[in-house]
Each structure stands twice: as structure tokens, then as C-alpha cells.
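S.K.:
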Amino acid sequence: MEKGWIKVYETRDPFKAEIVKGMLIENGIEAVIVNKQDSSFTQMIPGLDEVYVQEVNETLAKQLVAEGNPTNEG
């Protein structure tokens with residue numbers, strides 16, 4: 001990931017990652033998903049999806065993720 005971006009959430013469920021990304025975007029925070037899937041294991045083991053935001057949005061993003069993530073997966 002480029003300098004200036006911070007991971008605020010990770011999951012093995014790509015749908016959860018998309019939900020978190022969408023929630024952050026709805027709150028005015030630019031977010032991107034990075035998939036850490038090992039290409040040699042694409043069919044056997046789900047990859048790890050990580051949601052990143054810019055450093056300046058880290059505190060608010062982590063707060064929003066915590067409030068919107070009752071399972072505390074991230």
C-alpha cells in the first residue's frame with residue numbers, strides 16, 4: 001500500500017470488506033480494499049481483504065468501523 005494509507009479493517013469475507021468500505025465512503029472517507037489472496041491458493045483458502053484509509057482519516061474511520069462492526073472482526 002502507498003505511503004499515507006492506514007489499515008482500519010481486515011476480514012476473510014469480501015462482502016464485509018465491501019460493506020465497511022461503503023460505510024466509510026458514505027461518511028466522506030475515501031477507502032480502498034486490498035486483497036491479500038495468495039494466487040496459488042485461490043480455490044482452497046479465502047484471501048484476506050484489508051480496508052485502508054488515508055492517515056488523516058484514521059481516527060474517525062476506526063471509530064466508525066468499531067460502531068458498525070458488532071463482531072469486532074476488524
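Using full-length UniProt numbering, the letters of the sequence shown map in sequence onto residues 1 to 74. Glycine is no exception: its CB is placed at the ideal position from the N, C-alpha and C atoms.
Less than 9 Å between the C-beta atoms of Glu18 and Ile33, yes or no?
M.R.: Yes, the pair counts as a contact, with Cβ atoms nearer than the cut-off.
S.K.: Go through the UniProt domain "DUF2007" (5–67) residue by residue and report every complete run of the beta strand (DSSP E) that reaches 3 residues or more, in order.
M.R.: Qualifying beta strand (DSSP E) stretches, in chain order: 5–11, 31–35 and 49–54.
S.K.: Determine, using beta carbons only, whether Asn27 and Asp49 come nearer to each other than 9 Å.
M.R.: Their beta carbons are not under 9 Å apart, which means Asn27 does not touch Asp49 by this criterion.
S.K.: Give the single residue among Leu60, Gly68 and Glu67 whose Cα lies nearest to the Cα of Ile6.
M.R.: Answer by Cα proximity: Leu60.
S.K.: So Lys21 and Val51 are in contact, right, with Cβ under 8 Å, and what is the actual spacing, rounded?
M.R.: Contact flag correct, Cβ pair sits at about 5 Å.
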